[in-house]
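Peer 1:
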Amino acid sequence: MRDIKRHRSVYVLLAIPLVYYIIFKYVPIFNGQIAFKDYMALDGVLGSQWVGLKHFKTFINSYYFVELLRNTLMYSFGKLVFSLPLAIILAIAIYESNRPRLRKVVQTLAYLPHFLSWVIMYGILLALLAPGDGILNDIIKLFGGKPIDFLTNTKAFPWIVILSDAWKEMGWSAIIFIAALMGIDPSLFEAALVEGANSWQRVRYITLPSIRPVIVIVVLLRLGTILDAGFNQIFMLYSTPVLSVADIIDTWVYRQGLLEFQFGLATAVGLFKGVIGMFLILGSNRLVKRFGGNSLY
Amino acid sequence: MKKQCIVCIALIALLSLVSLPLFSQGTAEAAKPAGPVTIELWYGAAITEAGPPPADWVGFQIIKDKLNIDLKLTALPSNESDQDVKVQAAAAANNLPDLFMVRRDVLTRLVPQGLIASVDDMYAKMPIRTKTHYDEVSRSHARFNGKAYGLADPGSIIKNEGLLIRKDWLDNLGLAVPTTTDELLAVMRAFTFNDPDGNGKNDTYGYGAFQEINNYEAWPGRRLEPIFGAFGVDGTWDMTASAAGLNLFKPEFYDAMAYLKQMVDEGIIDPNWLAYKKDDFRAAWKQGRFGIMREQNAAYAAQANYAPFDKNFPNGEWIVIDAPKGPKGHASIGPYTANFRIYAISAKAEKEGKKDKIAQLLEWMASDEGYYLLGWGVEGVNYTKDANGVPVAANLPDANLAFSAPGGQTVTQLRNMVFYNGDIELYARYPKYVTETSKKEMSALDVMRIMQTKKWTAAIGSDTLPIPNADLKRFYEQGLSEFITGKRVLTKDNWNKWLDEFKKLGGQDWNDKGVAFAKENNLLY
Chain A
1 MRDIKRHRSV
11 YVLLAIPLVY
21 YIIFKYVPIF
31 NGQIAFKDYM
41 ALDGVLGSQW
51 VGLKHFKTFI
61 NSYYFVELLR
71 NTLMYSFGKL
81 VFSLPLAIIL
91 AIAIYESNRP
101 RLRKVVQTLA
111 YLPHFLSWVI
121 MYGILLALLA
131 PGDGILNDII
141 KLFGGKPIDF
151 LTNTKAFPWI
161 VILSDAWKEM
171 GWSAIIFIAA
181 LMGIDPSLFE
191 AALVEGANSW
201 QRVRYITLPS
211 IRPVIVIVVL
221 LRLGTILDAG
231 FNQIFMLYST
241 PVLSVADIID
251 TWVYRQGLLE
261 FQFGLATAVG
271 LFKGVIGMFL
281 ILGSNRLVKR
291 FGGNSLY
Chain B
1001 MKKQCIVCIA
1011 LIALLSLVSL
1021 PLFSQGTAEA
1031 AKPAGPVTIE
1041 LWYGAAITEA
1051 GPPPADWVGF
1061 QIIKDKLNID
1071 LKLTALPSNE
1081 SDQDVKVQAA
1091 AAANNLPDLF
1101 MVRRDVLTRL
1111 VPQGLIASVD
1121 DMYAKMPIRT
1131 KTHYDEVSRS
1141 HARFNGKAYG
1151 LADPGSIIKN
1161 EGLLIRKDWL
1171 DNLGLAVPTT
1181 TDELLAVMRA
1191 FTFNDPDGNG
1201 KNDTYGYGAF
1211 QEINNYEAWP
1221 GRRLEPIFGA
1231 FGVDGTWDMT
1241 ASAAGLNLFK
1251 PEFYDAMAYL
1261 KQMVDEGIID
1271 PNWLAYKKDD
1281 FRAAWKQGRF
1291 GIMREQNAAY
1301 AAQANYAPFD
1311 KNFPNGEWIV
1321 IDAPKGPKGH
1331 ASIGPYTANF
1341 RIYAISAKAE
1351 KEGKKDKIAQ
1361 LLEWMASDEG
1371 YYLLGWGVEG
1381 VNYTKDANGV
1391 PVAANLPDAN
1401 LAFSAPGGQT
1411 VTQLRNMVFY
1421 NGDIELYARY
1431 PKYVTETSKK
1441 EMSALDVMRI
1451 MQTKKWTAAI
1461 GSDTLPIPNA
1471 DLKRFYEQGL
1481 SEFITGKRVL
1491 TKDNWNKWLD
1501 EFKKLGGQDW
1511 NDKGVAFAKE
1521 NNLLY
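One line per chain: the protein sequences are A and B, in this order.
Everything in the first sequence is counted per the numbering used here, starting at 1 for the first residue and increasing by one.
Everything in the second sequence is counted per the numbering used here, starting at 1001 for the first residue and increasing by one.
#1: Thinking C-alpha only, which one of B:Y1430, B:K1064, B:K1455 is nearest A1331 of chain B?
#2: I'd like the span of the beta strand (DSSP E) that includes F1340 of chain B, first residue to last.
#3: Which residues, taken in chain order from the region 1473 to 1505 of chain B, show a beta carbon closer than 9 Å to some beta carbon of chain A?
#4: Quick one: grab the DSSP three-state call for Q1211 of chain B.
#5: For a contact defined as C-beta to C-beta under 9 Å, what are the partners of D3 of chain A on chain B?
#6: Check the C-beta distance from I162 of chain A over to L129 of chain A and give it rounded, since I have them as a contact under 8 Å.
#7: Using a Cβ-Cβ cut-off of 9 Å, state whether F261 of chain A counts as contacting chain C.
#8: Does the distance from the C-beta atom of A1338 of chain B to that of G1461 of chain B stay below 9 Å?
#9: Since Y1383 of chain B sits in a beta bridge, which residues does DSSP pair it with?
#10: Give the single residue among A:P17, A:T152, A:L53 whose Cα lies nearest to the Cα of A266 of chain A.
#11: Any Cβ of chain A within less than 9 Å of the Cβ of R1282 of chain B?
#12: Output, in chain order, the set of chain A residues within a Cβ distance shorter than 7 Å of Q1211 of chain B.
#13: Where does Y1420 of chain B fall in DSSP's three states?
#14: When you compare only the Cα positions, how much space is there between G1422 of chain B and E1136 of chain B?
#15: What are the start and end residues of the beta strand (DSSP E) that includes G1221 of chain B?
#16: Is it right to say V19 of chain A is buried, meaning 16 or more other beta carbons lie within 10 angstroms of its own, or is it exposed?
#17: Alpha carbon to alpha carbon, how far is R1341 of chain B from M1188 of chain B? Give it in angstroms, no decimals.
#18: Flag this pair as yes or no: are the beta carbons of N1272 of chain B and G183 of chain A separated by less than 9 Å?
#19: Could you tell me the distance, in whole angstroms, from the CA atom of K1351 of chain B to the CA atom of A1298 of chain B?
#20: Could you tell me which of B:A1243, B:K1473, B:L1490 sits nearest to F1502 of chain B, measuring between CA atoms?
#21: Can you pull the chain A residues whose beta carbon is under 7 Å from the beta carbon of A1092 of chain B, in chain order?
#22: Taking 7 Å as the limit between beta carbons, can you name the residues of its chain near I178 of chain A, skipping five residues before and five after?
#23: When we look at the beta-carbon of R1223 of chain B and count the other beta-carbons within 10 Å, is it buried (16 or more) or exposed?
#24: Under 6 Å Cβ to Cβ from K1167 of chain B, same chain only, skipping five residues before and after it: list those, please.
#25: Can you give, in chain order, each stretch of the beta strand (DSSP E) that sits fully within the region 1138 to 1204 of chain B and has at least 3 residues?
#26: Should H7 of chain A go down as buried or exposed, given a rule of 16 or more other Cβ atoms within 10 Å for buried?
#27: At 8 Å on the CB atoms, spell out the chain A contacts of R1109 of chain B, in chain order.
#28: Go through its chain and collect everything with a Cβ distance to Q1083 of chain B's Cβ below 6 Å, but skip five positions before and after it.
#29: Taking all protein chains shown into account, do 16 or more other C-beta atoms lie within 10 angstroms of the C-beta of P186 of chain A, making it buried, or fewer, making it exposed?
#30: Does DSSP put A1075 of chain B in a helix, in a strand, or in coil?
#31: Measure the CB-CB distance between G1291 of chain B and L1170 of chain B and report whether it falls below 9 Å.
#32: Is Y1525 of chain B buried or exposed, if buried means 16 or more other CB atoms sit within 10 Å of its CB?
#33: State the beta-bridge partners of Y1043 of chain B as determined by DSSP.
#34: Between P147 of chain A and chain B, is there a C-beta pair that is closer than 9 Å?
#35: For a cutoff of 9 Å on Cβ pairs, would you count G1407 of chain B as touching chain A?
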């Protein structure tokens, strides 16, 4: 008690996220049982009839299951593969820059898109990519090319999703790497300079190995949400002609679960995603540990 | 340890003391005089870009004084999907408001859950309102298993859209108004390739559209119905007794698809049509991107909506034309059905004994006092009446508080709960005006009257037919769009194969259920 009293400010600080997690993360676990029930609002969570694995079977046997899983994984891994290296490169570039004003400008410009909603981003993308009068297509037409319907073409659409996400989130994702870079002992760079190392060698032999633990942790955490491919973005960007490459698990759940009042089904899919994510984190963490890396726990 | 236990017990005791009044609330309330009944209303805003009625809106006090009702208002999102999600999320938590606007599709899901109160007994309690708002078609619109579960108020006016063409472009190119699909093709080509606006740039297209679909106007949706109407397959359903069923199954649907594909392949429809949302489409015609479109009367001709076009093209002129005739003589602007806005009462509100109060509230809204207050605001502040008794936004001390001005729009947000498309409303809503730049006399009401004279396809009740599940709906929409964009090659053979797959996936069952429902409910003609 005396310890708690002495460090009460720390406990108060701890209490805020703790309360958040209890209310928004732990309490809803109780409602997870809806996944195994035929949920009737009047009967409530406890009073609804058990239906076993019916909703899981509905999801797995649904006509588009394989396509949904494929698209979801494509966007998740695509974003991981593109966005993460770009964020690391940006962080290193900002860190290495010896022009403080330029650094600040670049940093601010890179963060800015993160604060724009996907509704606004869609407007920007339409202005850039529309086949009729998009800026990019105007340039293509100027050089004698044929306009490309980027937003409604099944070949172009996945790239638009991945690249626009990279553009929007690159700056924000770089923050954690910039923080890690700030923690590198400057004497290492000084020693490398004395030894005659050039910029690239400093990055390769000091910077990247130093931030490797952070990169591993970020990748591990991303794997936990690998079946979250970015509902807001896809929901704003997709249209009927590109559904075959745009429909992901979350958009399907929105249509089939939320709009059709099948909350049991929506919860079952949420649970399915959570379980897959958990196994991915456990598995990859064990792998990282086995190969001597910095694991999550 | 002992000390901690004592602290815990003391805390629990203290909390119990504090919470005691909460548990004894019923007894304490019983002694007090009956306070106002709280009615929570989720409404569809009349002007989505304006805010809700302000906290000091005079209506709240009048409703409290006259009806003993404390009205709590919440505006539903303007987007239908967002509306559905909000209502269904509340339903899932058994936390629906007392009275709320709801789409029929959603209502079909909430009724079996036991979340909605029947409203059959309400009509007799609201004689004035029932006379103006609820005819027999309205009463049957939200009827399930013989009981009405929603008060279906008159919605937007039927046949209030039309096929419009740029007359100035026709004149510039020396062309006549197209009357057949062949002539339409020729005009679309000319609008695309012959520089109809004479600006020397290759920046115009024949037809403009966007994907606007609902359960009786399936993909490609409302904006292209005049094309499908020319082949006799406009709308999701054929509601004639002799050929009832999904239009998709008719051979003419293939012909309509081939025509649309030709428009796409020749580049005579604005290529942005698949990417446009509603606002993009409307911005596009105001910027002169295309010369033929299907548009709503007010979205085209209301003062604020026409002003940007008038400014950009003072010599520009749109005219409403007849639907073009197809190879077999069919023509239609599209299907029409009776439009309603459904307000439902939650079972929770009924259980709490609020139904009578809700009836009182709705009946008051239909009285002269409620009608004008909710429809136009306070006389002398938000409107005045002209010689014919029509509310007008003239001779007001503060023009910004006029019912049509930004400052006054907030007090008319509930107007859709009182309007029933009577003449006064139409004259007030669509006044004649002179455009600022070109000085043309315009009237959205005149435009609407012209639109209503054109040929439409009766499909009353087709919006109440069963809806497909999400996977089947996706298969339908995606398949058609892939034929149009070229991902699937549009040949008779491919089309039939795709149709077979659609039937197997549940399309045939959907068709059969729809026809059976239409027969049971006497919707075929």
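The beta carbon of each residue, even a glycine, is placed where N, CA and C say it ideally should be.
Peer 2: According to the data block:
#1: B:K1455
#2: 1340 to 1345
#3: K1473, R1474, F1475, E1477, Q1478, L1480, S1481, E1482, I1484, T1485, K1487, L1505
#4: coil
#5: Result: empty, since nearest Cβ-Cβ is about 13 Å, beyond 9 Å.
#6: Going by Cβ atoms, the distance from I162 of chain A to L129 of chain A rounds to 14 Å, so no, they are not a contact pair.
#7: Protein chains A and B are contained in the structure displayed, whereas chain C is not.
#8: yes
#9: B:E1379
#10: A:L53
#11: no
#12: S239, T240
#13: coil
#14: 18 Å
#15: Looking at the DSSP string, G1221 of chain B is not in any beta strand (DSSP E), and its letter there is neither H nor E.
#16: exposed
#17: 37 Å
#18: no
#19: 42 Å
#20: B:K1473
#21: A41, F263
#22: A91, I94, Y95
#23: buried
#24: E1317, I1319
#25: 1151 to 1154, 1161 to 1166
#26: exposed
#27: E260, F261
#28: L1076, P1077
#29: exposed
#30: strand
#31: yes
#32: exposed
#33: B:A1075
#34: yes
#35: no
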